[in-house]
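If you count the sequence shown from 1, position 273 lands on 272 in numbering that gives the first Met the number 0, and the numbers rise without skipping. Ideal placement from N, C-alpha and C gives every residue a C-beta, glycine not left out. What follows is a single structure, written as structure tokens, with notes after it.
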Amino acid sequence: MKRKVLVLVALVSALALLLAACSLPGVSASPPDEGPAGSRPPQGGSPPEPPPGGQPSEGDLQITFTADRTQINPGECATLQWQVSGPHFATLLNGEPVGDSGSKQVCPPETQPFFLQVDTGERMEERSLTIAVGGAPPSGGGSGAPPSPPPPGVLPGGTPTLPPGCLPDSECVGAFDIDLALTGIRADSLPMVSALVLGLHNNRTFPFKGDITVSCEAQGVSWGGESMGVDDQATTKILTAQVPANGDATVKVPINLDCNQYKYHVKCTFTVEGPGDSNPTNNEAQTDLPTP
């Protein structure tokens with residue numbers, strides 16, 4: 000009987016020790032799975048920020064547009080310089096495609112804004128500056144938002160790009176508008192005529208340099224009154240004209256006329272290649288050869 004009591008006491012003691020061990024704080028049957036080193040999520044708070052990179056940001060596009068001079072006197076020139084880097088599709092200077100980096104000399108006859116536009120595919124980034132002529136400060140005094148740039152292919156003032164033959168860095172860079180007038184027709188020599196000399200007048204305050212298409216026809220009548228028609232007396236030529244500001248110039252149109260046998264009624268017209276003439280009503284003239 001005494002042995003049974005001892006065995007029972009031993010079992011009760013062992014069970015008490017086991018229960019005491021299980022009730023200790025911080026003891027767990029299995030440790031939590033922490034996963035790979037450093038991958039354990041933070042306790043509470045917001046998730047960490049994603050690493051930099053991914054989609055290109057606006058800061059990836061770098062545009063520099065400067066001029067060595069922003070104030071010049073009439074007849075002087077300034078040099079524009081630009082540099083574009085980063086993702087984009089095209090670079091335009093006053094609507095004309097240019098390289099991503101370069102320079103250009105401009106000699107505007109009057110104060111003129113210049114615009115550098117960069118097409119990113121999603122938007123058009125612009126930079127602008129103004130070259131003031133005659134000491135006048137740039138419009139707006141350099142403060143506030145720059146003026147709205149023209150759409151590609153259009154110069155400030157709303158007119159199309161310069162005509163063929165008028166180089167962007169030439170004296171006609173300021174040709175925002177064109178108005179040439181045909182002022183008269185004369186023969187280069189008499190009585191045998193090898194060319195018609197056409198007078199042109201430039202009604203604008205900037206020089207014109209470009210191509211014009213001239214058409215002339217001469218209707219001949221014999222001194223006895225017989226008509227000879229105009230079939231072989233019509234000619235059309237593309238000529239390059241240079242006319243100073245508010246000035247005059249001449250161009251020659253080859254044609255063969257014999258004023259020994261015939262007298263002629265001559266009519267000539269012209270059109271400006273490229274953007275055209277803003278006032279085509281003065282692009283025609285007529286005369287009689289020889290002059291009465």
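N- and C-terminal bounds of the beta strand (DSSP E) containing residue i
i      : result
Arg203 : From DSSP, Arg203 is part of no beta strand (DSSP E); its letter is neither H nor E.
His87  : Note, His87: premise wrong, no beta strand (DSSP E); not H, not E.
Asp276 : First-last for Asp276: undefined, no H or E at that position.
Leu60  : No beta strand (DSSP E) contains Leu60, which DSSP labels as neither H nor E.
Arg126 : 123-132
Ala240 : 233-242
Glu283 : 283-288
Gln260 : Careful: Gln260 lies outside any beta strand (DSSP E) and carries neither H nor E.
In DSSP terms, what residue i is bridged to
i      : result
Cys76  : In the DSSP output, where bridge partners are listed per residue, Cys76 has none listed.
Ser188 : For Ser188, which the question treats as bridged, DSSP gives no partner whatsoever.
Gly94  : Answer is none; Gly94 lacks a bridge partner.
Gly223 : Partner(s): none; Gly223 has no beta bridge.
Ser100 : Gln82
Asp118 : Ala89, Met123
Status (buried if at least 16 other CB within 10 Å, exposed otherwise) for residue i
i      : result
Gly43  : Note that Gly43 scores a pLDDT of 48, beneath 50, so its modelled location is shaky and nothing firm can be said.
Ile130 : buried
Arg122 : exposed
Gly223 : exposed
Gln111 : buried
Asn282 : buried
Gly101 : exposed
Ile177 : buried
Ile237 : exposed
Gly209 : buried
Thr90  : buried
Pro73  : exposed
Pro243 : exposed
Residue i versus residue j: straight-line alpha-carbon distance, rounded
i      : j      : result
Val252 : Ser188 : 13 Å
Thr182 : Gly98  : 42 Å
Ser226 : Thr249 : 30 Å
Met191 : Asn259 : 7 Å
Thr69  : Leu128 : 8 Å
Asp59  : Gly85  : 5 Å
Leu288 : Thr212 : 22 Å
Leu197 : Leu79  : 38 Å
Lys219 : Ile184 : A small correction: the amino acid at residue 219 is Gly; Lys does not occupy that position in the sequence shown. Cα-Cα distance, rounded: 16 Å.
Ala240 : Val265 : 21 Å
Pro150 : Gln116 : Only weak support exists for where Pro150 lies, its pLDDT of 43 falling under 50; the coordinates are left without a value.
Glu124 : Lys103 : 20 Å
Gly120 : Leu195 : 52 Å
Nearest residue (CA-CA) to residue i, options the options
i      : options                       : result
Ala180 : Ala89, Glu95, Ser277          : Ser277
Phe114 : Gly120, Thr63, Asn72          : Thr63
Asp118 : Glu109, Pro107, Gly94, Lys262 : Gly94
Ala217 : Thr268, His87, Leu91          : Thr268
Ala233 : Ser221, Asp176, Leu256        : Leu256
His312 : Asn245, Val132, Val105, Trp81 : Here the chain covers residues 0 to 291 and nothing more, so residue 312 does not appear.
Thr286 : Cys215, Trp81, Thr65          : Cys215
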